[in-house]
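In this note's numbering, each residue's number is its place in the sequence shown (first place is 1) plus 18. Glycine included, every Cβ here is placed at the ideal spot set by N, Cα and C. Since we're looking at a predicted model, the values are computed, not measured. Beneath this line is the structure, given in structure tokens, with notes to follow.
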Amino acid sequence: MKLFFKSLTLAVITSTCISNIAFADIPFTKDDLIGKWQCYDHDPELQFRAESVIENRADGTHSENSVMYFDDEASEYHQINKTKLISKWALDGDVMSFYDAVISYYEVDMPNYDEESTGISKYGFMIFNTVINRAELEKSMVDDLSSKIKFIDKNTYIYTSVEEDFLPVEQGYCKRVL
Numbered sequence: 019m020k021l022f023f024k025s026l027t028l029a030v031i032t033s034t035c036i037s038n039i040a041f042a043d044i045p046f047t048k049d050d051l052i053g054k055w056q057c058y059d060h061d062p063e064l065q066f067r068a069e070s071v072i073e074n075r076a077d078g079t080h081s082e083n084s085v086m087y088f089d090d091e092a093s094e095y096h097q098i099n100k101t102k103l104i105s106k107w108a109l110d111g112d113v114m115s116f117y118d119a120v121i122s123y124y125e126v127d128m129p130n131y132d133e134e135s136t137g138i139s140k141y142g143f144m145i146f147n148t149v150i151n152r153a154e155l156e157k158s159m160v161d162d163l164s165s166k167i168k169f170i171d172k173n174t175y176i177y178t179s180v181e182e183d184f185l186p187v188e189q190g191y192c193k194r195v196l
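Below is the structure:
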């Protein structure tokens, strides 16, 4: 029995040490963020997930191609938004800020939408969603969007809003591609 508890204690200590090492503060500079990144975002409560390819350039330019998925894939209101944008970016400590954004492409698709159940045409509903969603995105970019970031290894970082604590890695991270 003593051997079991020693093994259990060792396992707990080891996992605690490993998790603390994984989330230790790894110092980084703007140069560490330059390059191409594949980013993932997932919020099960909101039934939202997103995949983005971003590129941060040394001249302060940031480009982003994103695909966002809303609602359950089987839902009539399942929505897929595709966005391309270019902005400027800056780093101040652990806060990455984006400003002067220009959205060059925005598309909404609702593959399961049923016109008969709502009485609104699919085309009209998608136009409405495109106008509203694009306007909200443009407003958030005009308001200077900022994210707090933390590297968990030299090729992966997690991010969150400036006011919030970091979420688990699987809910939002970026992995270096180039």
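Spatial neighbours of residue i in its chain, beta-carbon cut-off 8 Å, leaving aside the 5 residues before and after
i    : result
V195 : G53, K54, W55, Q56 and V71
N151 : N99, Y124 and V126
M144 : V126, D127, M128 and Y131
L185 : I176 and T178
Buried/exposed call for residue i, threshold 16 Cβ in 10 Å
i    : result
F146 : exposed
A92  : exposed
S105 : buried
Y131 : buried
E182 : exposed
T101 : buried
Y141 : exposed
I176 : buried
C192 : buried
L64  : exposed
E94  : exposed
G190 : buried
Residues of its chain near residue i, where Cβ-Cβ distance is below 6 Å and the 5 sequence neighbours each way are ignored
i    : result
L163 : F116
Cut-off 7 Å between Cβ atoms - residues of its own chain near residue i, not counting five sequence neighbours on either side
i   : result
T79 : I104 and K106
Residues that residue i bridges to, as DSSP identifies them
i    : result
D183 : Per DSSP, none; premise fails for D183.
V149 : According to DSSP, which records beta bridges pairwise, V149 is partnered with nothing at all.
Any non-hydrogen atom of the ligand ADP within 6 Å of residue i CB
i    : result
D171 : As far as ligands go, the structure on display features none, and thus does not contain the ligand ADP.
Next on the checklist: At 3 residues or longer, what runs of the beta strand (DSSP E) sit wholly inside the segment 39–82?
Outcome noted: Counting whole runs of 3 or more residues, the segment 39–82 contains the beta strand (DSSP E) stretches 53–61 and 66–74.
Next on the checklist: Suppose only complete runs of 4+ residues qualify. What are the alpha helix (DSSP H) ranges in the segment 89–138, listed by chain order?
Outcome noted: Considered as a whole, the segment 89–138 harbours 133–136 as its complete alpha helix (DSSP H) runs of no fewer than 4 residues, in chain order.
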